[in-house]
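Participant: Take this structure first; my questions come after.
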Amino acid sequence: MSDTLPALRATLTELVAMDTTSFRPNAPLIDYAQARLEAAGFSAERQKFTDDAGVEKVNLIAVKGGTGSGRAALALVGHSDCVPYDAAWTDALRLTEKDGRLYARGACDTKGFIACALHAALNARDLNAPLMVVLTADEEVGLTGAKKLVEAGLGRARHAIVGEPTRLIPVRANKGYCLAEVEVRGKEGHSAYPDSGASAIFRAGRFLQRLEHLALTVLREDRDEGFQPPFTTVNVGVIQGGKAKNVIPGACRFVVEWRPIPGQPPERVSQLLETIRQELVRDEPAFEAHIQVVRTDRGVNTRADAEVVRFLAEASGNAPETVSFGTEAPQMTELGAEAVVFGPGDIRVAHQTGEYVPVEDLVRCEAVLARAVAHFCGGR
331 MSDTLPALRA TLTELVAMDT TSFRPNAPLI DYAQARLEAA GFSAERQKFT DDAGVEKVNL
391 IAVKGGTGSG RAALALVGHS DCVPYDAAWT DALRLTEKDG RLYARGACDT KGFIACALHA
451 ALNARDLNAP LMVVLTADEE VGLTGAKKLV EAGLGRARHA IVGEPTRLIP VRANKGYCLA
511 EVEVRGKEGH SAYPDSGASA IFRAGRFLQR LEHLALTVLR EDRDEGFQPP FTTVNVGVIQ
571 GGKAKNVIPG ACRFVVEWRP IPGQPPERVS QLLETIRQEL VRDEPAFEAH IQVVRTDRGV
631 NTRADAEVVR FLAEASGNAP ETVSFGTEAP QMTELGAEAV VFGPGDIRVA HQTGEYVPVE
691 DLVRCEAVLA RAVAHFCGGR
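Per our numbering, residue 331 is the first one in the sequence shown, and the count goes up by one each step.
Here it is as C-alpha cells:
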C-alpha cells in the first residue's frame, strides 16, 4: 500500500481542490488531466458544450495504444462534476485524512475513481490495444456530458468501467431515471362559494390517487428479480398549488419521478399518465391537465457472463450486483461497450457533508484498474 498511496493521495488532493460543482466550469480539471495524459503519450480530444445557464463545459476523450483506429479495447470513465457543498464545510476543497478515510467533496463521487483511473492509465506501458480515458461533465444534473458523447459518437469502446462509489462491487445493471412535470388546471374563486370555481388541488388529488393505484398494481407486474425492489418505482416528491387559504386554487403542479427496470420502455409511465388524464376528462369534461416529459433515461443490464463483469468480479473478489440509481453505463452501452459500474467509496456517504473515500478502497481500486488495463489492452 505504501508504494502507491502517496501518489494517489497527491493526485486526489489536486483534484478535490478544483471546485467542479456542476454549475461551474469543469475546464480546470480537464486541463489538469489532459496535460498529464498527453505527457504520458495519450492523444486527447475535447468536446465542448454550453449548459442551460450559458456555462461552457468540456468532455475529455484520451486514447493511447494499439493502431489508433476503431473502438478502444477498454474505457475508464469518470464524471468530473460534483454536487454543491455546504458553506459550513470549510475543508470541502481540502483533502483531510482521519482514521483511514480521505475527506473532501468529490472524494468518492467520483474524484477518487478518477485519481485511480489516471494512475492506472499513466503507468500503462507497451499497450497492444487502445486504452481510453473519458472524463465527462454534468453527470450530476442529467448525464448531460455522456449524452453529448452519444450524440457525437465519441467514446466508443468494447469494454467500459464507469466510475461510481460502489464499495468496489461490480455493478452490471442499473435502473433508468425519468421525470415528468404535470400541471392540473382549475378555476379560481372565493372559497366560501365552492361552485364559483374548480379546485385544481382536488383535481390533482384524483390524478394522484389513480397514479398511486397503478404504481402499486400494474407497474409491479413487470419484474426483474435482479433488482431491489424488482419493479419500476414511482415517486411524487414535489407538489405546489394555490395562492391563499381562502382562494379556490386555479393551478396545481407536481413532478413525477420513475425509475424503470431495464427491460421496460422508459415511456411506460408517461403513457400511463396520459391514460389517467384521458380517463379524468371522460369523468369530468372540464378537467384539464398538461403533461410534459422532461427526462427519459434508460437503464442498462450487462450480461452476468460478460467478460468485463467476470474480470471485475474475480479481480475485486466481489460478486456483481445491481443498483436502482442512474449512472453513465447506459450511454457507454449505447456507444457499443459492455459496461460495468465500479469504484471506491460508498454511495451512501456521497452528496453529504463529510463525504469520504477509504484509503484502502483507493489503493485496491487502482490495483484492479491497472490489472484491467493489462488484461484488456495488453502491455504492462
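Yeah, the Cβ is synthetic: ideal placement off N, Cα and C, and Gly gets one too. The model shown is predicted, which means the values in this text are computed figures rather than measured ones.
1) Grouping DSSP H, G and I as helix and E and B as strand, with all else coil, what is Thr343?
2) Would DSSP call Pro495 helix, strand or coil?
3) Taking C-beta to C-beta, are Gly673 and Thr496 nearer than 8 Å?
4) Need the endpoints of the beta strand (DSSP E) that His449 sits in, please.
5) Quick one: what does DSSP say His681 is sitting in, helix, strand or coil?
6) Using the rule of at least 16 other Cβ atoms within 10 Å of the residue's Cβ for burial, across every protein chain shown, is Phe561 buried or exposed?
7) Can you tell which of Lys573, Arg583, Glu555 and Thr547 has its C-alpha closest to the C-alpha of Gly535?
8) Hey, quick one: how far does the beta strand (DSSP E) through Ile391 stretch, first residue to last?
9) What's the call for Asp525, buried or exposed, on a 16-neighbour Cβ count within 10 Å?
10) Could you have a look at Phe655 and say whether DSSP puts it in helix, strand or coil?
11) On a CA-only basis, which of Pro650, Glu685, Gln682 and Cys412 is nearest Val671? Give me that one, please.
12) For the segment 578 to 620, which segments carrying the alpha helix (DSSP H) assignment without a break, of at least 4 residues, lie completely within its bounds, in sequence order?
13) Identify which residue in Ala447, Ile677 and Val413 has its Cα closest to the Cα of Ala363.
14) Is the beta carbon of Glu658 closer than 8 Å to that of Arg435?
15) Let me make sure I understand the geometry here. Which of Ala369, Phe443 and Lys575 has the alpha-carbon closest to that of Ala700?
16) Does Gln722 come out as helix, strand or coil in the three-state DSSP assignment?
17) Since Pro460 contacts Gly516 with CB under 8 Å, what's their CB separation in whole angstroms?
18) What are the uninterrupted segments assigned as beta strand (DSSP E) that are 3 or more residues long and contained completely in the segment 351 to 437, given in chain order?
19) Can you give the beta carbon distance from Val624 to Leu509, rounded, assuming they're within the 8 Å contact cut?
20) Please confirm whether Ala645 and Ala680 have their CB atoms less than 8 Å apart.
21) Within a Cβ cutoff of 7 Å, which residues of the same chain sit near Gly571, ignoring the five residues on either side of it in sequence?
22) For the beta strand (DSSP E) that Leu642 lies in, which residues bound it at each end?
23) Just the Cα atoms here: how many angstroms apart are Thr592 and Asp627?
24) What is the rounded straight-line gap between the Cα of Leu692 and the Cα of Lys573?
25) Report buried or exposed for Glu696, applying the criterion of at least 16 other Cβ atoms within 10 angstroms of its Cβ.
26) Taking Thr563 as part of the beta strand (DSSP E), name the residues at either end of that continuous run.
27) Leaving out five residues on either side along the sequence, give the residues of the same chain with a beta carbon under 6 Å from the beta carbon of Ala528.
28) Return the chain-ordered list of same chain residues with a C-beta closer than 6 Å to the C-beta of Pro414, the five sequence neighbours on each side being excluded.
29) Which of the three DSSP states, helix, strand or coil, is assigned to Asp627?
30) Who are Lys478's beta bridge partners in DSSP?
31) Could you pull out every residue in the same chain whose Cβ sits closer than 8 Å to the Cβ of Leu498, ignoring the five residues on either side in sequence?
32) Among the candidates Leu452, Arg540, Val577 and Leu342, whose CA atom is the shortest distance from the CA of Gly519?
33) Assuming Ala503 and Asn631 are in contact, meaning their beta carbons sit under 8 Å apart, how far apart are those beta carbons, in whole angstroms?
Facilitator: For this structure:
1) Along the sequence shown, read from residue 1 onward, the residue named residue 343 stands at position 13. Look at Thr343 here: in three-state DSSP terms it is helix.
2) For the purposes of this step, residue 495 is identified with residue 165 of the sequence shown, where counting begins at 1. Coil at Pro495, not helix or strand.
3) Counting from 1 along the sequence shown, the entry for residue 673 is found at position 343. Counting from 1 along the sequence shown, the entry for residue 496 is found at position 166. Yes, Cβ-Cβ distance for Gly673 and Thr496 is below 8 Å.
4) Within the sequence shown, numbered from 1, the residue matching residue 449 stands at position 119. The continuous stretches of beta strand (DSSP E) do not include His449, which lies in the alpha helix (DSSP H) extending over residues Lys441 to Leu452.
5) As a first step, residue 681 must be located in the sequence shown, where it is residue number 351. The answer is coil: DSSP assigns His681 none of H, G, I, E or B.
6) By one-based count along the sequence shown, residue 561 stands at place 231. Looking at its Cβ environment, which holds 16 or more other Cβ atoms inside 10 Å, Phe561 is buried.
7) Locating residue 535 in the sequence shown gives position 205, where the first residue counts as 1. Residue Arg583 is the option with its Cα nearest to Gly535.
8) Locating residue 391 in the sequence shown gives position 61, where the first residue counts as 1. Per DSSP, the continuous beta strand (DSSP E) segment holding Ile391 begins and ends at Glu386 to Lys394.
9) Numbered from 1 along the sequence shown, position 195 holds the residue referred to as residue 525. Burial call: exposed.
10) Position 325 of the sequence shown, counting from 1, holds the residue named residue 655. Coil at Phe655, not helix or strand.
11) Position 341 of the sequence shown, counting from 1, holds the residue named residue 671. Selected option, being the one with the closest Cα: Pro650.
12) Taken in chain order, the unbroken stretches of alpha helix (DSSP H) that lie wholly in the segment 578 to 620 and span 4 residues or more are 598 to 613.
13) In the sequence shown, residue 363 corresponds to position 33, counting from 1. Selection Ala447, Ile677 and Val413 evaluated against Ala363 yields Ala447 as nearest (Cα-Cα).
14) Numbered from its first residue, the sequence shown carries residue 435 at position 105. Numbered from its first residue, the sequence shown carries residue 658 at position 328. Their beta carbons are not under 8 Å apart, which means Arg435 does not touch Glu658 by this criterion.
15) Within the sequence shown, the letter at position 370 stands for residue 700. For Ala700, the closest of Ala369, Phe443 and Lys575 by C-alpha to C-alpha distance is Phe443.
16) As displayed, the chain neither begins before 331 nor continues past 710, which places residue 722 out of reach and without an answer.
17) Numbered from 1 along the sequence shown, position 130 holds the residue referred to as residue 460. Numbered from 1 along the sequence shown, position 186 holds the residue referred to as residue 516. 59 Å between Cβ atoms; not a contact.
18) The segment 351 to 437 contains these whole beta strand (DSSP E) runs: 373 to 380, 386 to 394, 402 to 409, 426 to 428 and 431 to 433.
19) Counting from 1 along the sequence shown, the entry for residue 624 is found at position 294. Counting from 1 along the sequence shown, the entry for residue 509 is found at position 179. Correct: roughly 5 Å between the Cβ atoms.
20) Against the sequence shown, residue 645 aligns to sequence position 315. Against the sequence shown, residue 680 aligns to sequence position 350. No, the pair does not count as a contact, with Cβ atoms beyond the cut-off.
21) On the sequence shown, position 241 is the one that residue 571 refers to. These residues qualify, in order along the chain: Ala530, Ile531, Ala534, Pro579, Ala581, Cys582 and Arg583.
22) For the purposes of this step, residue 642 is taken as the residue at position 312 of the sequence shown. No beta strand (DSSP E) contains Leu642, which is instead part of the alpha helix (DSSP H) from Glu637 to Ser646.
23) Numbered from 1 along the sequence shown, position 262 holds the residue referred to as residue 592. Numbered from 1 along the sequence shown, position 297 holds the residue referred to as residue 627. Residue 592 is actually Pro in this sequence, not Thr. So the two alpha carbons sit approximately 10 Å from each other.
24) If you number the sequence shown from 1, residue 692 lands on position 362. If you number the sequence shown from 1, residue 573 lands on position 243. Cα to Cα, Leu692 sits roughly 52 Å from Lys573.
25) Here residue 696 refers to the residue found at position 366 when the sequence shown is read from its first residue. Buried, because 16 or more other Cβ atoms sit within 10 Å of the Cβ of Glu696.
26) Here residue 563 is taken as the residue at index 233 of the sequence shown, counted from 1. Segment Thr563 to Gly571, the beta strand (DSSP E) holding Thr563.
27) Locating residue 528 in the sequence shown gives position 198, where the first residue counts as 1. Answer for Ala528: Gly516 and Lys517, listed in chain order.
28) Counting from 1 along the sequence shown, the entry for residue 414 is found at position 84. So the list reads Thr351, once near-sequence residues are dropped.
29) The residue given as residue 627 occupies position 297 in the sequence shown. Correct three-state label for Asp627: strand.
30) Translated into positions along the sequence shown, residue 478 becomes position 148. According to DSSP, Lys478 bridges with nothing at all.
31) The residue labelled residue 498 in the question sits at position 168 within the sequence shown. Answer for Leu498: Ser646, Asn648, Phe672, Gly673, Pro674, Asp691, Arg694, Cys695 and Val698, listed in chain order.
32) In the sequence shown, counting from the first residue as 1, residue 519 sits at position 189. For Gly519, the closest C-alpha among the options Leu452, Arg540, Val577 and Leu342 is that of Val577.
33) In the sequence shown, counting from the first residue as 1, residue 503 sits at position 173. In the sequence shown, counting from the first residue as 1, residue 631 sits at position 301. Here Ala503 really is in contact with Asn631; their C-beta atoms are around 4 Å apart, less than 8 Å.
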